[in-house]
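The structure appears below as structure tokens.
Protein chains: 4
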Amino acid sequence: MKVGFIGLGRMGEGMAANLLKAGHEITVYNRTLAKAAPLAAQGAKVAAKVAEACQGDAVITMLANDEAVSGVVFGDGGIVACLRPGAIHISSSTIGTAFSGKLTAAHASAGQRFLAAPVFGRPEVAAKGQLFVVAGGEPDTVKAAQPLLDAMGQKTFVISQAPKDANLVKLSGNFLIAAVIESLGEAMALVAKAGVSKHQYLEILTSTLFTAPVYKTYGTLIADGAFEPAGFAATLGQKDIRLTLAAAEELRVPLPLASLLRDRFLALLAHGGDNLDWSAIGALSAKEAGLDNA
Amino acid sequence: MKVGFIGLGRMGEGMAANLLKAGHEITVYNRTLAKAAPLAAQGAKVAAKVAEACQGDAVITMLANDEAVSGVVFGDGGIVACLRPGAIHISSSTIGTAFSGKLTAAHASAGQRFLAAPVFGRPEVAAKGQLFVVAGGEPDTVKAAQPLLDAMGQKTFVISQAPKDANLVKLSGNFLIAAVIESLGEAMALVAKAGVSKHQYLEILTSTLFTAPVYKTYGTLIADGAFEPAGFAATLGQKDIRLTLAAAEELRVPLPLASLLRDRFLALLAHGGDNLDWSAIGALSAKEAGLDNA
Amino acid sequence: MKVGFIGLGRMGEGMAANLLKAGHEITVYNRTLAKAAPLAAQGAKVAAKVAEACQGDAVITMLANDEAVSGVVFGDGGIVACLRPGAIHISSSTIGTAFSGKLTAAHASAGQRFLAAPVFGRPEVAAKGQLFVVAGGEPDTVKAAQPLLDAMGQKTFVISQAPKDANLVKLSGNFLIAAVIESLGEAMALVAKAGVSKHQYLEILTSTLFTAPVYKTYGTLIADGAFEPAGFAATLGQKDIRLTLAAAEELRVPLPLASLLRDRFLALLAHGGDNLDWSAIGALSAKEAGLDNA
Amino acid sequence: MKVGFIGLGRMGEGMAANLLKAGHEITVYNRTLAKAAPLAAQGAKVAAKVAEACQGDAVITMLANDEAVSGVVFGDGGIVACLRPGAIHISSSTIGTAFSGKLTAAHASAGQRFLAAPVFGRPEVAAKGQLFVVAGGEPDTVKAAQPLLDAMGQKTFVISQAPKDANLVKLSGNFLIAAVIESLGEAMALVAKAGVSKHQYLEILTSTLFTAPVYKTYGTLIADGAFEPAGFAATLGQKDIRLTLAAAEELRVPLPLASLLRDRFLALLAHGGDNLDWSAIGALSAKEAGLDNA
């Protein structure tokens with residue numbers, strides 16, 4: 009297939025590379041052009057403008073937030089203006105449900121198709137083409153996009169015909185991860201203040217009941233206090249909890265744990281934590297408990 | 009070794025049976041005598057009084073809460089009064105840290121040894137001798153008790169010389185599980201109100217990021233709304249969160265997520281949920297969100 | 009002064025009447041024209057369009073929310089398009105700080121002046137001209153508007169040169185009232201479940217430490233369970249907490265109590281409470297506690 | 009009446025003095041004997057032992073917590089052992105409901121009468137005999153004690169025949185005050201971070217909607233950051249929230265705002281705030297928001 013790919017961050021880079029490997033004809037676009045060089049070396053065409061990435065069967069966006077996606081979708085030379093009727097915009101970014109609904113409507117008005125296909129997995133997983141894809145869209149749209157999703161991920165879960173439901177599932181997944189971070193942060197502050205080794209404690213947890221990698225990954229970051237460089241920045245974590253709460257507000261679902269996480273992120277950002285890994289909220293309990301080297 | 013075993017509930021039954029299989033000489037005691045019959049058939053002696061279970065090298069207690077343990081430890085004919093000097097009381101119950109400290113002091117005054125050895129695992133794991141044991145006590149006490157711990161569990165983690173630290177680790181583990189339940193309850197209420205299938209959602213979670221069995225086990229109970237019969241009763245969950253908060257108060261560690269769980273359990277019990285599985289707190293978010301069949 | 013007044017709800021009606029009494033020349037506009045009749049009888053001109061209310065020295069808006077204000081301010085025939093340079097838009101609505109900033113900028117670009125002047129007080133207080141006004145704007149703008157503010161309120165507090173600060177103070181005031189409601193709801197659920205009379209309890213509170221009218225007013229509503237008709241609707245309360253949290257997010261200030269209130273309002277709305285008085289969140293604690301007639 | 013008075017702290021001193029002024033025959037006891045000197049000068053007899061204060065018609069206790077009351081009530085030479093049958097123990101301390109129930113039962117077993125009569129008011133109010141008394145006990149007991157309550161307070165509210173209900177009302181009142189402190193702390197952090205003066209803000213609040221003295225008193229302490237010397241120590245505030253939560257747990261009433269306050273007090277104590285005024289929890293929001301001079 010002939011596909012545009014917009015957004016060559018740490019995730020997008022690997023995803024685009026896997027599309028190339030699978031034999032698709034890829035035109036990449038990135039605001040900072042230099043990031044396109046490695047992909048050009050692998051055979052990608054490089055677009056100077058968004059419009060140039062919208063000439064094929066589909067265009068995939070993998071950007072930081074609603075604002076960034078909005079910037080390439082709307083306006084002169086944007087995706088809505090340039091994509092041919094019937095072509096598909098596949099949005100893999102973690103965006104809000106209300107904005108996803110807006111994209112759905114805009115593409116429908118323009119005779120284009122829209123598929124929300126957010127992904128689970130960190131950059132190294134994206135590089136291996138082993139992401140999990142959560143897809144929301146019309147059945148024929150999903151079917152048409154499947155070869156692309158298969159190139160980027162190990163499995164696709166089709167969740168709903170409404171794109172925004174896929175975005176909701178993605179947001180809720182990040183909420184669940186943040187909940188793991190908070191619970192570990194509280195538990196580790198508790199045992200550490202009693203004098204128990206955080207590392208030994210974590211070993212007990214992860215070799216018994218909490219064998220999922222998220223416990224190991226984030227527990228180690230908290231135990232080590234190693235929040236730089238960020239694998240996933242606190243500002244992005246804060247954004248995702250905000251979007252989760254916004255979706256919950258629209259649906260009228262109280263989420264007290266998400267509200268707690270919201271305040272944790274704000275406290276972290278209020279103390280200059282923008283560029284720390286989002287797991288740094290897991291150090292706040294120890295700080296509140298008066299532990300020195302937390 | 010010659011050992012007494014007090015408390016033949018669903019956990020204790022399997023633990024005592026594994027001690028017998030390992031060749032130890034076991035005298036069992038249970039308030040309701042009838043529960044001792046299966047173990048008698050496997051070769052255990054049956055004690056009519058607590059004192060009769062305190063004639064050997066060690067006595068193991070596996071009871072529901074602080075009050076039950078207190079009832080067999082103190083007073084005439086209790087463990088402190090009857091255990092010989094140098095013998096070991098191994099407490100595997102999930103008890104509070106303050107009470108654990110009290111037991112430590114009482115046994116020390118009586119010239120006896122005390123080992124806190126709470127366990128992770130549900131009844132079916134106990135039956136297989138595959139529990140994880142978290143031990144706190146003097147090194148020589150741990151060493152002397154090791155053959156018994158090995159008979160009941162697949163691995164022992166020695167956490168501290170202070171018994172109460174082992175109890176703290178156990179309590180914090182139950183807090184972490186309750187946190188998983190709450191986070192799943194909120195996330196599932198959110199996606200369910202949007203119309204997403206709870207079962208499909210759970211399948212996505214457990215086949216991607218949340219592969220630990222606790223997510224599968226408790227997520228399924230919440231998705232099915234299947235809280236009876238209780239694998240672990242809500243009253244016990246409430247007790248463990250209370251003991252976690254009590255330990256945190258003594259150590260001066262704020263635990264906002266544990267506080268949230270406390271209120272969840274009280275709301276559940278206020279509506280007659282005493283005998284439901286503790287995962288029933290995971291249905292409260294859906295109820296708050298106005299979902300009918302949650 | 010020659011003044012337009014837009015928004016003749018329960019608050020605006022009394023405010024406009026007091027402007028007339030003070031001798032100002034008032035042109036009123038309301039989406040539902042019929043509401044203007046009583047004011048016409050008192051001497052007001054009635055505008056058929058927003059533009060007709062923008063021909064004088066100032067125009068005052070008193071509307072339900074950001075969206076309603078936006079609807080009369082922007083677009084063809086809106087306030088920005090029609091108000092003469094140098095004239096003042098006085099916004100008395102309870103709006104968000106971000107939106108207030110947007111209004112400030114829009115009027116500045118059009119050469120007009122903008123004053124945020126939200127008010128404290130219920131409709132009966134507005135009718136008496138006894139409101140408290142919190143003003144934010146340039147000193148000369150405040151000075152020019154003072155005769156109008158004096159006609160509507162008993163006192164003006166000039167808080168800042170930035171209009172949005174006045175809106176923040178207003179929002180925070182509503183947050184404080186909602187906090188009173190929540191605290192009363194919890195305390196009354198607690199003593200009521202012990203069997204203490206809610207009315208006697210309230211009498212004790214309000215005749216000793218909690219003599220402020222808010223305790224009496226809202227405590228009585230909760231004790232009586234009398235939430236209809238709404239003095240201030242739950243949807244408006246939810247909106248104000250949302251705007252408070254939005255302002256706090258922009259400023260990076262964690263507000264755990266406001267987060268709790270957010271969830272209370274969502275739970276109320278999820279159960280059909282849109283048209284109840286906002287004090288109905290004060291009945292949720294009793295409901296959680298399993299009290300029947302709460 | 010012939011009355012013993014035990015506990016000459018800042019509150020008890022004034023209460024005992026007013027009993028003397030009213031013409032009662034008072035025997036005072038205090039652990040630190042020196043504190044009795046001013047009262048001896050006013051005509052009180054000074055007891056060297058608790059027992060000597062238990063020879064009359066009634067004995068009043070005004071002590072810091074359950075433990076202190078327990079210390080003078082139980083054991084050889086304690087109130088239960090020494091008070092004559094039919095005489096009354098009036099407990100004015102802020103104690104827990106479970107402990108109040110224990111006192112009720114102990115005195116009943118000994119043929120004595122028990123009245124819970126906790127008070128609202130700070131030391132300067134106690135000195136003027138203007139306290140508010142909340143009484144719980146049998147009607148004839150209340151009647152018999154009334155002359156004493158009248159000497160100490162301006163009004164008595166008889167809440168229930170069960171003494172512990174009076175203690176619950178007192179605890180809930182302290183919870184409501186702490187809720188005011190928390191809400192002010194959050195609101196002031198919010199407006200202060202926007203640049204609004206905390207003192208001006210407080211003036212607006214207290215001259216409009218929040219005219220109750222608690223807002224003025226605690227708001228000023230927070231705005232000034234003046235938490236020493238403590239009018240009411242943080243450790244006592246923490247104790248009262250703990251007892252409120254304990255009563256709520258027994259009654260199965262979720263209290264999320266009280267849970268939040270619990271964590272605030274623990275965070276304060278974890279940072280060495282034991283001797284600060286309890287309103288110091290109102291500075292924690294500003295600290296979390298990253299405000300420097302909070």
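Protein chains in written order, with the working numbering: chain A, 9 to 302; chain B, 9 to 302; chain C, 9 to 302; chain D, 9 to 302. Even glycine gets a Cβ: it sits at the ideal position worked out from N, Cα and C.
{"Item": "Please identify the residue among V188/B, P155/B, L71/B and R272/B whose C-alpha is closest to the C-alpha of A220/B.", "Value": "V188/B"}
{"Item": "Please confirm if I249/B has its CB atom under 9 Å from at least one CB of chain A.", "Value": "no"}
{"Item": "P346/B: buried (16+ other C-beta within 10 angstroms of its C-beta) or exposed?", "Value": "In the structure as shown, chain B begins at 9 and stops at 302. Residue 346/B is therefore absent and cannot be evaluated."}
{"Item": "Is L263/C near L253/C, with beta carbons less than 9 Å apart?", "Value": "yes"}
{"Item": "List the residues of chain D whose Cβ lies closer than 9 Å to the Cβ of P264/B, in chain order.", "Value": "S267, L268 and D271"}
{"Item": "Between the Cα of D74/C and the Cα atoms of T228/C, V141/C and S99/C, which residue gives the shortest distance?", "Value": "S99/C"}
{"Item": "Contact between the region 150-170 of chain B and the region 196-205 of chain B: three or more CB pairs below 8 Å?", "Value": "no"}
{"Item": "Quick one: what does DSSP say V11/A is sitting in, helix, strand or coil?", "Value": "strand"}
{"Item": "Determine, for A302/B, whether the minimum Cβ-Cβ distance to residues of chain A falls below 9 Å.", "Value": "Only weak support is given to the placement of A302/B: the predicted model assigns it a pLDDT of 43, under 50, and the value that follows is read from those uncertain coordinates. False, the Cβ-Cβ gap to chain A never drops below 9 Å."}
{"Item": "Just to confirm my understanding: we take V177/D, look at its own chain, exclude 5 residues before and 5 after, and list those with CB closer than 7 Å. What are they?", "Value": "V142 and I167"}
{"Item": "Does the distance from the C-beta atom of L27/D to that of I68/D stay below 9 Å?", "Value": "yes"}
{"Item": "When you compare the CB of L210/A with every CB in chain D, is at least one pair closer than 9 Å?", "Value": "no"}
{"Item": "Starting from I68/C, follow the beta strand (DSSP E) in both directions and report where the run begins and ends.", "Value": "A66 to T69"}
{"Item": "Can you round the beta-carbon distance between L265/C and E190/D to whole angstroms, since I take them to be within the 8 Å contact cut?", "Value": "6 Å"}
{"Item": "Helix, strand or coil for G20/D, going by three-state DSSP, please let me know.", "Value": "helix"}
{"Item": "By the three-class DSSP mapping on this structure, what secondary structure does F218/A have?", "Value": "coil"}
{"Item": "Give me whichever residues DSSP pairs with R121/D in a beta bridge.", "Value": "I96/D"}
{"Item": "I'd like the list of long-range same chain contacts for A234/D, defined as Cβ closer than 7 Å, with 5 residues on each side in sequence excluded.", "Value": "none"}
{"Item": "Below 7 Å CB to CB, which residues in the same chain sit around D173/A once its five sequence neighbours on both sides are set aside?", "Value": "G144 and I167"}
{"Item": "Do you know how far the Cα of V88/D is from the Cα of A159/D?", "Value": "25 Å"}
{"Item": "Considering only residues of the region 160-210 of chain A, which uninterrupted beta strand (DSSP E) runs meet the minimum length of 3 residues and lie entirely inside it, listed in chain order?", "Value": "161-168"}
{"Item": "What are the partner residues of T243/B, as DSSP defines its beta bridges?", "Value": "DSSP lists no partner for T243/B."}
{"Item": "So, does the CB of G203/D fall closer than 9 Å to a CB anywhere in chain A?", "Value": "no"}
{"Item": "What in chain B is Cβ-close to H279/C, meaning under 7 Å?", "Value": "G298"}
{"Item": "For the putative contact between A134/A and G12/A, defined by C-beta atoms under 8 Å, what is the C-beta separation to the nearest angstrom?", "Value": "Wrong, their Cβ atoms sit about 18 Å apart, outside the cutoff."}
{"Item": "Whole-angstrom Cβ separation of T112/A and P171/A, contact assumed at under 8 Å?", "Value": "5 Å"}
{"Item": "Please report the distance separating the alpha-carbon of A302/D from that of L192/C.", "Value": "In this predicted model, A302/D has a pLDDT of only 43, less than 50, meaning its place in the structure is not dependable; the value taken from the coordinates is given anyway. If I take the Cα positions, the gap works out to 28 Å."}
{"Item": "Just to confirm, is the Cβ distance from A242/C to G181/C under 9 Å?", "Value": "no"}
{"Item": "Within 9 Å (strictly less), CB to CB, does E194/C reach chain D?", "Value": "yes"}
{"Item": "Since G79/C is in the alpha helix (DSSP H), which residue starts that stretch and which ends it?", "Value": "D74 to V81"}
{"Item": "Could you check the C-alpha separation between C90/A and A48/A for me, to the nearest Å?", "Value": "23 Å"}
{"Item": "Can you tell me where the beta strand (DSSP E) holding I34/C begins and where it ends?", "Value": "E33 to Y37"}
{"Item": "Under DSSP, the beta strand (DSSP E) around V142/C begins and ends at which residues?", "Value": "L139 to G144"}
{"Item": "What three-state label does DSSP hand F128/D in the structure shown?", "Value": "strand"}
{"Item": "Looking at Q120/D and G137/D, is the spacing between their C-beta atoms short of 9 Å?", "Value": "no"}
{"Item": "Would L292/A and R272/A be called neighbours here (beta carbons separated by less than 9 Å)?", "Value": "yes"}
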